[in-house]
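Participant:
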Amino acid sequence: MRTETVHSKALSISLEDKVAFLKRPSTYPDGPDEVGVIETHMSWVFLTKNYVYKLKKPVRSDFLDFSTLDSRSQDCRAEVKLNGRLAPDVYLETVPLTVDKHGGLQLDGSGDVVEWLVKMKRLPRDHMLDHAIQQRTVRREDVRRFSKKLACFYDNAHPIEIMPAAYCHRFEQDIQDNCTELSRSEYGFPQAVTERITVVQREFLERGRALLEQRARDHKIIEAHGDLRPEHVCMIEKPVFIDCLEFKKAFRILDPADELSYLAMECERLGTTWIGDLVFETYGEVADDYPPSELLHFYKSFRAALRAKITIWHLKDDKIHERHKWVRRTQHYLDLADKHAQQLR
Numbered sequence: 004m005r006t007e008t009v010h011s012k013a014l015s016i017s018l019e020d021k022v023a024f025l026k027r028p029s030t031y032p033d034g035p036d037e038v039g040v041i042e043t044h045m046s047w048v049f050l051t052k053n054y055v056y057k058l059k060k061p062v063r064s065d066f067l068d069f070s071t072l073d074s075r076s077q078d079c080r081a082e083v084k085l086n087g088r089l090a091p092d093v094y095l096e097t098v099p100l101t102v103d104k105h106g107g108l109q110l111d112g113s114g115d116v117v118e119w120l121v122k123m124k125r126l127p128r129d130h131m132l133d134h135a136i137q138q139r140t141v142r143r144e145d146v147r148r149f150s151k152k153l154a155c156f157y158d159n160a161h162p163i164e165i166m167p168a169a170y171c172h173r174f175e176q177d178i179q180d181n182c183t184e185l186s187r188s189e190y191g192f193p194q195a196v197t198e199r200i201t202v203v204q205r206e207f208l209e210r211g212r213a214l215l216e217q218r219a220r221d222h223k224i225i226e227a228h229g230d231l232r233p234e235h236v237c238m239i240e241k242p243v244f245i246d247c248l249e250f251k252k253a254f255r256i257l258d259p260a261d262e263l264s265y266l267a268m269e270c271e272r273l274g275t276t277w278i279g280d281l282v283f284e285t286y287g288e289v290a291d292d293y294p295p296s297e298l299l300h301f302y303k304s305f306r307a308a309l310r311a312k313i314t315i316w317h318l319k320d321d322k323i324h325e326r327h328k329w330v331r332r333t334q335h336y337l338d339l340a341d342k343h344a345q346q347l348r
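Note that our numbering numbers the sequence shown so that position 314 is 317, with each residue one more than the last.
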């Protein structure tokens with residue numbers, strides 16, 4: 004069993020040291036010519052020719068805590084396990100980053116563990132849904148195939164028992180949180196739009212409460228993927244869905260119609276609506292579940308507002324580049340939230 008005892012040499016290893024080491028091609032056993040690097044709010048991702056290694060940042064927020072080595076280790080294990088549901092054979096293992104007695108870092112070495120990484124197979128970029136949308140290479144048969152897999156996953160999942168009133172209350176709180184964050188003056192977005200979206204969503208919670216509560220009564224609430232976006236859908240022969248939301252179970256407890264609305268809204272943001280329509284058509288055929296359009300517009304509006312809030316958080320990071328990009332994307336999400344909100348009137 005590997006030791007995670009923190010000795011003096013290990014204590015001197017900074018996040019910057021770890022990132023610099025993992026950027027080097029010589030670090031990896033498969034001997035890549037180069038290493039692709041992607042930075043997100045919560046992690047650093049390193050891409051070799053055949054594999055992907057994910058390093059969690061030591062961050063802490065209201066909804067996650069990666070501040071200790073133990074917490075990051077636990078999350079890495081959870082990520083591998085949970086993604087095995089919809090991406091079997093893609094998530095391979097957790098790999099230690101170690102330091103020897105001389106202070107040298109090694110990937111999967113025999114020294115003291117200073118970090119844990121998730122190792123997964125690298126998937127073909129051309130088969131990712133977001134890339135295919137942008138390249139206009141998405142085929143109906145590809146969408147049918149991945150939609151059937153999702154529908155079977157949802158249909159076979161064990162329902163989560165939740166009181167109908169509690170299910171509705173979750174939205175009440177989140178709608179308020181979205182409004183509060185997006186209305187902050189430093190972001191500069193028109194408050195009238197945010198308030199209009201919020202008012203319509205709240206009105207639906209009153210007028211359409213029965214639709215939401217019926218989803219809970221019909222045992223439609225399950226433990227889903229949690230972050231089903233086009234960049235997480237790989238349309239290979241046996242489709243896989245990566246990067247599920249592993250760090251908080253409550254965020255994965257969803258109505259499949261909500262999760263699919265999220266995916267449909269993101270496809271719409273990228274410029275296409277027919278994919279979402281076909282996803283729901285296929286889901287209905289497989290699961291014999293046909294949620295009313297009013298409910299789907301609510302879910303899409305809600306998800307777009309939530310994504311607007313998450314996207315604008317990039318501006319809180321002093322190191323972030325392309326600030327205009329995140330402002331534009333947030334505005335796009337707000338436009339979609341408003342568009343689908345107006346369908347509820």
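Quick reminder that beta carbons are idealized off the backbone N, C-alpha and C, glycines included. On a predicted model such as this, the values are computed, not experimentally measured, just so you know.
1) Looking at C-alpha atoms only, which residue of R331, I16 and Y54 is the closest neighbour of E118?
2) According to DSSP, simplified to helix, strand and coil, what is S113?
3) Return the CA-CA distance between I239 and S296, expressed in angstroms with no decimal places.
4) Got a sec? Which residues, its chain only, sit under 8 Å from T314 by beta carbon, not counting five neighbours each side?
5) By the 10 Å Cβ neighbour count, where 16 or more other Cβ atoms means buried, how is A340 classified, buried or exposed?
6) On the DSSP bridge list, what partners appear for D68?
7) Apart from the five residues just before and just after L273, which ones in its own chain have a Cβ nearer than 8 Å to its Cβ?
8) Which first and last residues belong to the beta strand (DSSP E) in which E42 is found?
9) Considering only C-alpha positions, which residue in the set V22, L18, L266 and C247 is nearest to S150?
10) In whole angstroms, what is the alpha-carbon distance linking V48 and K57?
11) Determine which residues share a DSSP beta bridge with M268 and list them.
12) In this structure, how does DSSP classify L153 when only helix, strand and coil are distinguished?
13) Quick one: what's got a C-beta closer than 7 Å to L89's C-beta in the same chain, skipping five residues either side?
14) Report the residue ranges of all alpha helix (DSSP H) runs contained in full by the segment 232-311; include only those spanning at least 4 residues, in chain order.
15) Taking 6 Å as the limit between beta carbons, can you name the residues of its chain near K124, skipping five residues before and five after?
16) Taking the beta carbon of H235 as the centre, do at least 16 other beta carbons fall within 10 Å, making it buried, or is it exposed?
17) Of the residues V196, I178, H222 and E189, which one's Cα is nearest the Cα of F207?
18) Could you give the first and the last residue of the continuous alpha helix (DSSP H) run that contains F207?
19) By Cβ distance below 6 Å, which residues in the same chain neighbour Y302 in space, the five residues on each side in sequence not counted?
20) Going by DSSP, which residues form a beta bridge with K57?
21) Using 8 Å for Cβ pairs, my map puts D111 next to V98. What's the rounded Cβ distance?
22) Given a threshold of 16 other Cβ atoms within 10 Å of its Cβ, counted over all protein chains shown, does K104 qualify as buried or as exposed?
23) Nearest to E19 by CA position, among D68, L108, G87 and K84, is which residue?
24) Does the segment 156-167 come close enough to the segment 189-209 to have 3 or more Cβ pairs within less than 8 Å?
25) In this structure, does DSSP put L100 in helix, strand or coil?
26) From the DSSP secondary-structure annotation, give me the bridge partner or partners of L108.
27) Under 8 Å by Cβ, that's how I've got L257 and I224 pegged, so tell me the actual separation to the nearest angstrom.
28) Pop quiz: K21 and L100 are said to be a contact at Cβ under 8 Å. What is the actual Cβ separation, rounded to whole angstroms?
Facilitator: Result, derived from the coordinates:
1) I16
2) coil
3) 30 Å
4) W329, R332, T333 and Y336
5) buried
6) R63
7) D133, I136, Q137 and P233
8) G39 to E42
9) L266
10) 5 Å
11) Per DSSP, none; premise fails for M268.
12) helix
13) F156, H228, V243, F244 and C247
14) 259-272 and 277-290
15) V93
16) buried
17) I178
18) Q194 to R210
19) D261 and S264
20) V48 and V121
21) 5 Å
22) exposed
23) L108
24) no
25) strand
26) V102
27) 7 Å
28) 6 Å
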